[in-house]
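Have a look at the structure below, then the notes.
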Amino acid sequence: MKEFAYFPGCSLEKLAISYHTSTLETSKKLGVKLKELDDWNCCGSTTYFHIDELLAYTLTARNLAIAEKTGLNVVAPCSACFKNMFFTAVHMKEDPDLAEHINFALEEDGLNFSGNTQVRHLLEMFAQDIGPDEIRSKVTHPLDGVKVAPYYGCQILRPRKDHEEVENPRYFEDLISAIGATPIEYSLKMRCCGGSLIISSRIAALSMVRNLLQCAVDQGADMIATACPMCQVNLECYQQSVNQEFGTNFAVPILYFTQLMGLALGVPKKKLGIGKELVSASPVLAAL
Amino acid sequence: MREVSSLLHAADGNPFPMCVQCGTCSGSCPVAAYMDYTPRQIIAMVNAGLKDQVMESNTFWYCASCYQCTVRCPQDISITELMYALQRYSIWKNRYKEGMIGPAFSEAFAKTIVRTGRTFEPILAPSYIFSFKMREFFQEIQNATELMLKGRLPILPPRIKRLDNFKRMIRRILPMGGAE
Numbered sequence: 008m009k010e011f012a013y014f015p016g017c018s019l020e021k022l023a024i025s026y027h028t029s030t031l032e033t034s035k036k037l038g039v040k041l042k043e044l045d046d047w048n049c050c051g052s053t054t055y056f057h058i059d060e061l062l063a064y065t066l067t068a069r070n071l072a073i074a075e076k077t078g079l080n081v082v083a084p085c086s087a088c089f090k091n092m093f094f095t096a097v098h099m100k101e102d103p104d105l106a107e108h109i110n111f112a113l114e115e116d117g118l119n120f121s122g123n124t125q126v127r128h129l130l131e132m133f134a135q136d137i138g139p140d141e142i143r144s145k146v147t148h149p150l151d152g153v154k155v156a157p158y159y160g161c162q163i164l165r166p167r168k169d170h171e172e173v174e175n176p177r178y179f180e181d182l183i184s185a186i187g188a189t190p191i192e193y194s195l196k197m198r199c200c201g202g203s204l205i206i207s208s209r210i211a212a213l214s215m216v217r218n219l220l221q222c223a224v225d226q227g228a229d230m231i232a233t234a235c236p237m238c239q240v241n242l243e244c245y246q247q248s249v250n251q252e253f254g255t256n257f258a259v260p261i262l263y264f265t266q267l268m269g270l271a272l273g274v275p276k277k278k279l280g281i282g283k284e285l286v287s288a289s290p291v292l293a294a295l
Numbered sequence: 028m029r030e031v032s033s034l035l036h037a038a039d040g041n042p043f044p045m046c047v048q049c050g051t052c053s054g055s056c057p058v059a060a061y062m063d064y065t066p067r068q069i070i071a072m073v074n075a076g077l078k079d080q081v082m083e084s085n086t087f088w089y090c091a092s093c094y095q096c097t098v099r100c101p102q103d104i105s106i107t108e109l110m111y112a113l114q115r116y117s118i119w120k121n122r123y124k125e126g127m128i129g130p131a132f133s134e135a136f137a138k139t140i141v142r143t144g145r146t147f148e149p150i151l152a153p154s155y156i157f158s159f160k161m162r163e164f165f166q167e168i169q170n171a172t173e174l175m176l177k178g179r180l181p182i183l184p185p186r187i188k189r190l191d192n193f194k195r196m197i198r199r200i201l202p203m204g205g206a207e
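Each protein sequence line maps, in turn, to chains C and S.
Oh and the first sequence: position 219 is 226 in this note's numbering, straight run, nothing missing.
Oh and the second sequence: position 178 is 205 in this note's numbering, straight run, nothing missing.
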């Protein structure tokens, strides 16, 4: 049995509760054990880097140190949390002075991060560490005929430079195929959703969301699958605002990839948080 | 703007003067069309020392942190980190283009974390909602209402258990002279 430390992050407590419950249900079906970090704190998202870089790394290092105590590698379902954890670990390894300073602060909570914990995004964990073959073998309710746009977004991929998948990853597509659905060729799959610009630079963010929705519709998607709560909220909750702003008529369901996996593995819809979305997925899922 | 370079702690990219002005960053940037100056222009302006114009621009507050420029830069300059550095510099100097929502939002976000160890969406709203136009304001209310009906809005602010340790940890990074 595979076991990971699990850092849900703030969004998954409420706003993205469906992502949390579907992650737990799906993991259970696949025999993956997730151990939630004890007393984790907010990773600081991107906004903390606007205030103080050293403290931003320290906030994340606290979670890394808690994860290291478990002796397990850690997975994060949110791309911003993932990016912060991944690069804090990298920078602390490359820069012993930085690590020393941060560990000095962590002492106050009886913690230390030595850099032995690997950081994985939840999507990478399922699509690569577990793998499509293993997943396919456990599918009981394949999502036949559902056309899904695999939306990677930004921070799951970038700013890693030595990663072969930075310009055209395929593992999300492979995962979608493994659960019986059809991944569409989504040309904006790595284009940014706007992140927190929806607050700070509204019209720019809405037009970015509009482009992503239009591209998915043009390429024949029934829905968009996401792997990040920020992407989900921007694409779904602001769809109506896009329609008001641009006179469009989008009604594209935006589901977490774990909700789709859960369906294919035979988990009841309610346990996956299906029904909590603002743009209903029922018309698409009814055909199954 | 040597101050900006020196604010870059752990950035692993090359110094900005190595920029060859190829424009790959601007061509890759999904927000460039909304910026006063594109990322390529901002780098040139930083290198030329045009501090006032840089600080008066919306460019770095419009960066969405998508890192497309950073991974594609042929000179290996960490452009996103430059944007962060400009944001920090701007907050530190309390100097930014009028009407920017980013600074107040980032500060509100940071304060919530420092106080409770967690973020809490509803408490952030006052930092931006009053800057919104009427239409945007109502869109936010509409979204919040729908989310609440679906049980997706937090009611009580969460806080971590070992908050005292957490605050002492922060004081080892940012000495606050006894102030809370």
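Glycine included, C-beta positions come from ideal geometry on N, C-alpha and C.
Within-8 Å CB hit, residue i to chain S
i	result
GLY5 of chain C	Given a span of 8 to 295 for chain C in the structure shown, any question on residue 5 of chain C remains unanswerable.
THR65 of chain C	yes
HIS57 of chain C	yes
PRO190 of chain C	no
ARG177 of chain C	no
SER289 of chain C	no
THR255 of chain C	no
LEU279 of chain C	no
Residue i at chain C interface by Cβ criterion, 8 Å
i	result
ALA37 of chain S	In this prediction, ALA37 of chain S scores a pLDDT of 43, lower than 50, which makes its location untrustworthy; the coordinate-derived value is nonetheless stated afterwards. At least one chain C Cβ lies under 8 Å of ALA37 of chain S.
ASN74 of chain S	no
LYS177 of chain S	yes
MET196 of chain S	yes
LYS124 of chain S	no
GLU83 of chain S	no
ILE150 of chain S	no
ARG142 of chain S	no
LEU77 of chain S	no
Span of the beta strand (DSSP E), counted from its first residue to its last, around residue i
i	result
MET62 of chain S	Unbroken run through MET62 of chain S: none, as it is neither H nor E.
GLU43 of chain C	39 to 43
THR233 of chain C	230 to 233
Where the alpha helix (DSSP H) containing residue i begins and where it ends
i	result
LYS145 of chain C	139 to 145
LYS120 of chain S	106 to 120
LYS90 of chain C	86 to 101
TYR26 of chain C	24 to 36
PHE253 of chain C	246 to 253
Collapsed DSSP secondary structure at residue i in the structure displayed
i	result
ALA211 of chain C	helix
PRO130 of chain S	helix
LEU118 of chain C	coil
PRO184 of chain S	coil
ARG127 of chain C	strand
VAL173 of chain C	coil
THR139 of chain S	helix
VAL81 of chain S	helix
HIS36 of chain S	Residue confidence for HIS36 of chain S is low, a pLDDT of 48 falling below 50, so the modelled location carries little weight and cannot support an answer.
PRO149 of chain S	helix
PRO290 of chain C	helix
ILE67 of chain C	Checking the sequence, you will find Thr at residue 67 of chain C rather than Ile. Note: THR67 of chain C maps to helix in three-state DSSP.
ILE186 of chain C	coil
Residue i, buried or exposed, once every other Cβ within 10 Å from all chains shown has been counted against 16
i	result
PRO103 of chain C	exposed
ARG165 of chain C	buried
ASP140 of chain C	exposed
LEU183 of chain S	exposed
ASP169 of chain C	exposed
MET215 of chain C	buried
Beta carbon proximity, residue i to chain A, threshold 8 Å
i	result
ASP116 of chain C	Among the protein chains of the structure shown, namely C and S, there is no chain A.
Residue i Cβ short of 7 Å to the ligand MN heavy atom set
i	result
TYR64 of chain S	Annotation note on the ligand MN: not contained in the displayed structure, which lists no ligands.
>> So if I threshold CB-CB distances at 7 Å, which residues from the segment 16 to 49 of chain C count as touching chain S?
In response: Listed in sequence order: CYS17, GLU20, LYS21, LEU22, ILE24, ASP46, ASN48 and CYS49.
>> Tell me which residues of the segment 204 to 230 of chain C have at least one Cβ-Cβ distance to chain S shorter than 9 Å, keeping chain order.
In response: Cβ contacts with chain S come from LEU204, ILE206, SER207, SER208, ARG209, ILE210, ALA211, ALA212, SER214, MET215 and ASN218.
>> Against chain C, which members of the segment 93 to 122 of chain S pass a CB distance test of less than 7 Å?
In response: From the segment 93 to 122 of chain S, only CYS93, TYR94, GLN95, THR97, VAL98, THR107, TYR111, GLN114, ARG115 and ILE118 have a Cβ closer than 7 Å to chain C.
> Looking at chain C, which residues of the segment 161 to 194 of chain S have a Cβ within less than 8 Å of any of its Cβ atoms?
Replying inline: Those residues of the segment 161 to 194 of chain S that come within reach of chain C (Cβ to Cβ, closer than 8 Å) are ARG162, GLU163, GLN166, GLN169, ASN170, GLU173, LEU174, LYS177, GLY178, ARG179, LEU180, PRO181, PRO185, ILE187, LYS188, ARG189, ASN192 and PHE193.
> Relative to chain C, which residues along the segment 46 to 70 of chain S have a C-beta separation below 7 Å, given in chain order?
Replying inline: Among the residues of the segment 46 to 70 of chain S, those with a Cβ less than 7 Å away from any Cβ of chain C are PRO57, VAL58 and TYR61, in the order of the chain.
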